[in-house]
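Reviewing the structure listed below.
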Amino acid sequence: MTAVLAILLDSYRELLAKKLFWFVLAISLLIVVSFGSIGFNDRGISIAYGLYTIENEVLRAGSPLVVPFMDFAFAGVIVGVWLGWGAIILALVSTAEVFPNFLAGGAIDLVLSKPVRRSTVFFTKYFGSLLFVLLQVAVFCIGTLLVMRWRVGEWRWGVLIAVPVLVLVFSYLYAFMVLFNVLTRSTLPSLVLTILAWLGLFTLATTEGVLLSQFRLPAEVDRDAYQKRIEWYQQRIADAAAQGDTDAVARYRSRMESDETSLAEARKRIEKFVPFHEAARLTMLILPKTASTANLVQRRLQTNSGMTTASLMATLAGEDLPPPSPEEVETESRITQHQRRQHEIMRRAEEYENSRPWWMIIGTSLLFEAGVLLVACIIFVRRDN
Amino acid sequence: MTTSDGSSSSASNGWCIDLHHVSKTYRGRVRALDGVTMQVATGEVFGLLGPNGAGKSTLVKIMMTVIRPSRAEGRILGRPVGDKDALRRVGYLPEHHRFPTYLTGEQALHFYAALCGVARRDRKRRADELLERVGMSDWRRKKIGGYSKGMMQRIGLAQALMNDPALVVLDEPTDGVDPVGRKDIRMLLSQLRDEGRTVFLNSHLLSEVEMVCNRVAILVQGQVAMQGTLEELTRESKRYEIEYAGPEFDWIGEYEGATSRPAAGGERRVIALRGTDAAAAQPIIDRLRAQRAVIHRCQACGESLEDLFIRSVIDPATGRARPPGAPRGPSAPPMAPLIHAGPRGGAA
Chain S
12 MTAVLAILLD SYRELLAKKL FWFVLAISLL IVVSFGSIGF NDRGISIAYG
62 LYTIENEVLR AGSPLVVPFM DFAFAGVIVG VWLGWGAIIL ALVSTAEVFP
112 NFLAGGAIDL VLSKPVRRST VFFTKYFGSL LFVLLQVAVF CIGTLLVMRW
162 RVGEWRWGVL IAVPVLVLVF SYLYAFMVLF NVLTRSTLPS LVLTILAWLG
212 LFTLATTEGV LLSQFRLPAE VDRDAYQKRI EWYQQRIADA AAQGDTDAVA
262 RYRSRMESDE TSLAEARKRI EKFVPFHEAA RLTMLILPKT ASTANLVQRR
312 LQTNSGMTTA SLMATLAGED LPPPSPEEVE TESRITQHQR RQHEIMRRAE
362 EYENSRPWWM IIGTSLLFEA GVLLVACIIF VRRDN
Chain Z
191 MTTSDGSSSS ASNGWCIDLH HVSKTYRGRV RALDGVTMQV ATGEVFGLLG
241 PNGAGKSTLV KIMMTVIRPS RAEGRILGRP VGDKDALRRV GYLPEHHRFP
291 TYLTGEQALH FYAALCGVAR RDRKRRADEL LERVGMSDWR RKKIGGYSKG
341 MMQRIGLAQA LMNDPALVVL DEPTDGVDPV GRKDIRMLLS QLRDEGRTVF
391 LNSHLLSEVE MVCNRVAILV QGQVAMQGTL EELTRESKRY EIEYAGPEFD
441 WIGEYEGATS RPAAGGERRV IALRGTDAAA AQPIIDRLRA QRAVIHRCQA
491 CGESLEDLFI RSVIDPATGR ARPPGAPRGP SAPPMAPLIH AGPRGGAA
């Protein structure tokens, strides 16, 4: 235990000695300060600590949308962009040389000649390097928590979930880095290969997302809409036939036939795209899911506020309307129909993402990470230094 | 001295280090060690010598579990080679060591001692003592990144002693150290021996090894060419020489162990007597003077460690230094040991 604590303390000191650590921390604090500059008054959203006000009917002091909006700003924008990408890239750059320096001749000799198992040394050093992100995100989230308390008047403890979640995301990538480190013992190739691996994962996840939101879900939304309308037309045809209104029967039948054709096309599209999406989904199932893991922060905050991003966006855009009845569809403009369709696709995409259990996302990712680390550890343990 | 677990540090038949058949073949079939058998007695300063590429560092690293041997038998501090627990009482200073530059000297000592499982209270006490002992007290709170090579070497030595080791393995400890520092290190080695610790010294500096080591081993091409005390290793070469100007006398053969040969590059001749007993030479000197031979030199001679080293390294067949690494081939014949002696005078 003494040895493990010593390696962790050494990792902590090593991180503090890096200028990049303080640079990233400074940027994080700057972002927290900027986040804190967003507030709400009677007229709308105040920015730059009240210097400017963006007038908004819906989003203003006392509005129930304030909390979901701030949650979204934190989880969607700050976590999604800065912590999920920017800070992690800088963390990878900063920690890229930890293992190569550790493995360098003369340095590793001193450690391996001590009565500590190599696997213990390896894993402790690995976890020690995660301290970089742990400290950065912890400071950031505590700052955000204080800002939220100040701006929305309540403790949004959910933001702290970002700490373990982002450490997890970083750990998936750092496992690749460590594997490349022990294979190449070089900083730059490891960093490049890790970023390529990350981009590979991102591309696969994006492919799955595109197949879902641009092909499968639109086809499913269309299918459901046409089915509903066909049922409605069938009812109307029956009613019109009962009343002996042959013109109405003919009109409804004509429209129904058109919708039936569209329904058949939608079904064909579903049949065409579902296998591709399923293949992408199954591939992603075994790989580390960086985006889905980072998205857990948003999911957690949404659960607390009870409002999804789709409904928040729709409300803010003044389009939070209940699904239209076929009569309304008959009279709605094409633009409104298109907006409804888009919102429905977005809602279903969010629903689909949220339907994946968190333990499945983390569990499968950790399983893959464990496999990568195991390979790296075996190489480290068996290698002559 | 006993180890922390109570077992005797010299549990293996009186040896602190008792290695047998240590071999190492790296990937690419580079054979670095080929059946090394070596013993180091408890409480002695043992010097490991050899030319570049002889396998010295490989052997040290195998002992320190840094490298996995292809084959190794024997024990270190009574435990099998490769046993991590034995390292609790082993101090090690590697060649070309690299200490973390972001640590202060004191932090580095604490770090490496903690890896050995030394309790915090003991670390504090040992660090204070050792920093004073290696003359680094004033630099204890300065970052290692600002240290000179000699200062790092001093910190390295202190680091190797933090766990109160029974065995101290030092790989080129005087590398980069100025003459005063080298003298300090020699004194430290002597102190360690006086404290009952065993010191295993890997060094290129023959003069230093000669000054501080009780026993030496010379490793050539991954095999032990010589092993023993300096006295044992040079005993055969010890002689008493009389250089004179005059003819060759046939009565030389009357004296046991006496030989005659021409002196290098001249008219003179040299009579050599086995051993260094001056009294045995007196009758010969008397006869030479009686026959009016002019005596130019009377001197006890013998091989120095450097002579032994050169003799081990030079291939008698070619007259050139043997190439680095063990001889290639699936089962290279072991090098015929020139001398292989035990730690206290008896042949091993």
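Residue numbers (the numbering used here), protein chains in the order written: chain S, 12 to 396; chain Z, 191 to 538.
Note that beta-carbon positions come from the ideal geometry of N, C-alpha and C, so glycine has one too.
- Counting only runs of 4+ residues, the alpha helix (DSSP H) found wholly inside the region 89-121 of chain S occupies 98-106, 109-114, in chain order.
- One Cα belongs to A356/Z, the other to P437/Z, and the distance between them is close to 59 Å.
- With 16 or more other CB atoms across the displayed protein chains lying within 10 angstroms of its CB, N392/Z is buried.
- Under DSSP, C488/Z shares a beta bridge with I432/Z.
- Annotated three-state conformation of R459/Z is strand, per DSSP.
- Put simply, of V176/S, R129/S, F134/S the residue whose alpha carbon is nearest the alpha carbon of C152/S is V176/S.
- Taking a Cβ-Cβ threshold of 8 Å, the residues of chain Z close to R128/S are K274, in chain order.
- Inclusion of V232/S and E364/S in the CB contact set at 7 Å is not warranted, their separation being larger than that value.
- Beta-bridge partners assigned by DSSP to A407/Z: L238/Z, Q417/Z.
- In the DSSP assignment, L283/Z falls within the beta strand (DSSP E) that extends over 280-283.
- When DSSP reads this structure, D505/Z sits in a beta bridge with R510/Z.
- Per DSSP, reduced to three states, the secondary structure at Y445/Z is coil, with no helix or strand assignment.
- For D440/Z, there is no enclosing alpha helix (DSSP H), as DSSP gives it neither H nor E.
- Using a Cβ distance threshold of 7 Å, I42/S and G55/S do not count as a contacting pair.
- The way I'd put it, the region 155-165 of chain S does touch the region 29-47 of chain S; three or more beta-carbon pairs between them come closer than 8 Å.
- Residues of chain S with a Cβ closer than 8 Å to the Cβ of M254/Z are, in chain order, D120, L123, S124.
- DSSP lists N392/Z as the bridge partner or partners of D361/Z.
- Its Cα nearest to that of W441/Z, the residue P473/Z stands out among S494/Z, P473/Z, L283/Z.
- For E263/Z, no alpha helix (DSSP H) segment is defined; the enclosing uninterrupted segment is the beta strand (DSSP E) at 261-266.
- Taking all protein chains in view, the Cβ of S338/Z is surrounded by fewer than 16 other Cβ atoms within 10 Å, so the residue is classified as exposed.
- Residue-level contact check: R196/S does not touch chain Z, since none of the beta carbons of chain Z fall below 7 Å from its beta carbon.
- Here W329/Z is buried. Its C-beta has 16 or more other C-beta atoms within 10 Å.
- Relative to the Cα of S260/Z, the nearest Cα in the group G237/Z, D224/Z, R482/Z belongs to D224/Z.
- Around K251/Z, the same chain offers I257 as residues with beta carbons nearer than 7 Å, after the five sequence neighbours per side are excluded.
- At a cut-off of 7 Å between beta carbons, G307/Z contacts chain S.
- In chain order, R512 place their CB closer than 6 Å to the CB of D505/Z, counting only its own chain and leaving out the 5 sequence neighbours on each side.
- Using a Cβ distance threshold of 7 Å, L312/S and D82/S count as a contacting pair.
- Against chain Z, a Cβ distance below 7 Å from G139/S picks out nothing, because the smallest value is about 12 Å.
- DSSP places I372/S inside the alpha helix (DSSP H), whose first and last residues are 369-393.
- Neighbours of A14/S in chain Z, taken as residues at a C-beta separation under 7 Å, are given in chain order as A304, L305, G307.
- Pairing Y237/S with T314/S, the inter-Cα distance amounts to about 32 Å.
- Collapsing the DSSP output to three states places L223/Z in a strand.
- Beta bridge pairing from DSSP links P452/Z with R459/Z.
- Shown in chain order are the members of the region 21-36 of chain S whose Cβ falls below 7 Å from a Cβ of chain Z: D21, R24, E25, A28.
- According to the DSSP assignment, S57/S belongs to the beta strand (DSSP E) that extends over 55-58.
- With a contact defined as Cβ atoms closer than 8 Å, L347/Z and L378/Z qualify at about 7 Å.
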